[in-house]
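Worksheet: one structure, shown below.
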Amino acid sequence: ELRQQEDITIFLTTHYMDEAEHCDRIAIMDMGELKVLDTPEALKAGVGTDRVQLTTADDEAALAALADRFGVEGTTSEGKLTIAVPDGERFVPRLFEELGVPIHSVSVARPTLDDVFMNITGRTIRDAEASAGERFRAATAAFRGGR
């Protein structure tokens, strides 16, 4: 609101992706290098896929049906089957119609800015924070030792 009223640019630095989500544009930097600059929506779309997670009556049969009917590979972990598809909300109705295996539950997760950060840097934001802290401690120790 302030940005629009005053026609100004506001720079916000944060490690909290839920805060960054409210920005018009986001720049992701890694080790001091600008990696990407775009809108939150465009960055998330660049990740490419939604994650559809489901529980079924028979995961093995569901995995086979996903590969056969949809050309989609899935993984199972902790009793849940997960697949990656371009548009999860459009895929789910087809899944119910064509899977041929009873589905007990289903959820769709869109890419998040955390997913974007991981995709671009190869690290989670927490890993990046930890390595930045280690570099700071090492630089501080070197500075103190040089006195």
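Numbering (this note's numbering), first residue to last: 453 to 599. No residue lacks a Cβ here, since even glycine has one placed at the ideal position from N, Cα and C.
Have a look at the options and flag the residue whose alpha-carbon is nearest the alpha-carbon of residue i.
i, options, result
"Gly498", "Thr576, Asn571, Thr592", "Asn571"
"Thr501", "Ile462, Ala536, Arg455", "Ala536"
"Asp476", "Ile555, Leu486, Arg575, Ile460", "Ile460"
"Met481", "His474, Glu471, His467", "His467"
"Ile478", "Arg596, Phe569, Gly597", "Phe569"
"Gly540", "Ser559, Gly574, Ala519", "Ser559"
"Leu495", "Thr564, Gly523, Thr592", "Thr564"
"Pro554", "Leu486, Thr465, Asp510", "Asp510"
Quick one: give me the first and last residue of the alpha helix (DSSP H) that residue i is part of.
i, result
"Ala497", "492–499"
"Asp539", "Counting along the chain, Asp539 falls outside any alpha helix (DSSP H), and DSSP gives it neither H nor E."
"Thr425", "Because the chain is modelled from 453 through 599, residue 425 falls outside the range shown and cannot be assessed."
"Asp511", "511–517"
"Asp470", "469–472"
"Leu454", "454–458"
Rounding to the nearest angstrom, what Cα-Cα distance links residue i and residue j in this structure?
i, j, result
"Asp490", "Ala514", "38 Å"
"Ala594", "Glu493", "42 Å"
"Val488", "Arg562", "20 Å"
"Asp566", "Gly484", "18 Å"
"Gly552", "Thr534", "17 Å"
"Phe463", "Ala472", "11 Å"
"Phe543", "Glu453", "37 Å"
"Lys532", "His474", "32 Å"
"Glu530", "Phe522", "23 Å"
"Glu512", "Thr527", "10 Å"
"Arg575", "Asp470", "18 Å"
"Gln456", "Ala516", "52 Å"
"Val524", "Gly597", "57 Å"
Taking the DSSP output, what are the residues bridged to residue i?
i, result
"Met600", "Past the boundaries of the shown model lies residue 600; the chain is included only from 453 to 599, so the question cannot be answered."
"Gly597", "BP columns for Gly597 are empty, so no partner."
"Thr527", "Thr534"
Terminal residues of the continuous beta strand (DSSP E) containing residue i?
i, result
"Asp502", "502–508"
"Val560", "555–561"
I'd like to know if the stretch 533–551 and the stretch 499–511 are in contact, where contact means that at least 3 CB-CB pairs between them fall below 8 Å. yes
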